[in-house]
Amino acid sequence: MNEFAEGIDVALKAHPLSEKILRFLAEHEDVMDTIHGVARCWVDSDEVAVQPILEQLVSAGVIVKHTLSSGTYYGLTSDRSVREQLKANHAGRSYQHQVVAGPSDGITRIS
Numbered sequence: 000m001n002e003f004a005e006g007i008d009v010a011l012k013a014h015p016l017s018e019k020i021l022r023f024l025a026e027h028e029d030v031m032d033t034i035h036g037v038a039r040c041w042v043d044s045d046e047v048a049v050q051p052i053l054e055q056l057v058s059a060g061v062i063v064k065h066t067l068s069s070g071t072y073y074g075l076t077s078d079r080s081v082r083e084q085l086k087a088n089h090a091g092r093s094y095q096h097q098v099v100a101g102p103s104d105g106i107t108r109i110s
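Numbering (numbering that gives the first Met the number 0), first residue to last: 0 to 110.
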């Protein structure tokens, strides 16, 4: 098992919300959102539960954290091998979300 696969495996076993976040990102690779948006729109949870999971996924190299003047945003890494692995692991799973325009910071959000 490669280092990425091990990181994903550890993250998935840590909490069921990890799986929800990764499934969401497999379907919406270019979406980024704040911790509030991730909790509310991606996984229907609260920020307190989501924060440590996001940090674990950042540590595993699966997602990245961007700090902008408007806040901190989380999204899928641009690493092609990570994206391909997520697609392979979550192929055929479908989620219904609506993409909405974000503020002038250029971030795409999901509602």
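Even glycine gets a Cβ: it sits at the ideal position worked out from N, Cα and C. Nothing here was measured: the structure is a model prediction, and the numbers come from that model.
The region 21-96 is shown to contain whole alpha helix (DSSP H) runs of 4 or more residues at 46-58, 79-88, in chain order. By the C-beta density criterion, Leu-21 is buried, having at least 16 other C-beta atoms within 10 angstroms.
Short of 6 angstroms from the beta carbon of Ala-38, and not among the five residues preceding or following it, lie these beta carbons of its own chain, in chain order: Ser-44, Asp-45, Glu-46, Val-49.
With a cutoff of 8 angstroms on beta-carbon distance, Val-42 and Gly-60 are scored as not near each other. The Cβ-Cβ distance between Leu-16 and Ile-62 does not fall below 8 angstroms. Between Asn-88 and Glu-26, the alpha-carbon positions lie close to 11 angstroms from each other. Contact check for Thr-33 against Gly-74 fails: the beta carbons are separated by 8 angstroms or more. Taking a contact as a CB-CB distance under 8 angstroms, the pair Leu-24 and Leu-85 counts as one, their CB atoms being some 6 angstroms apart.
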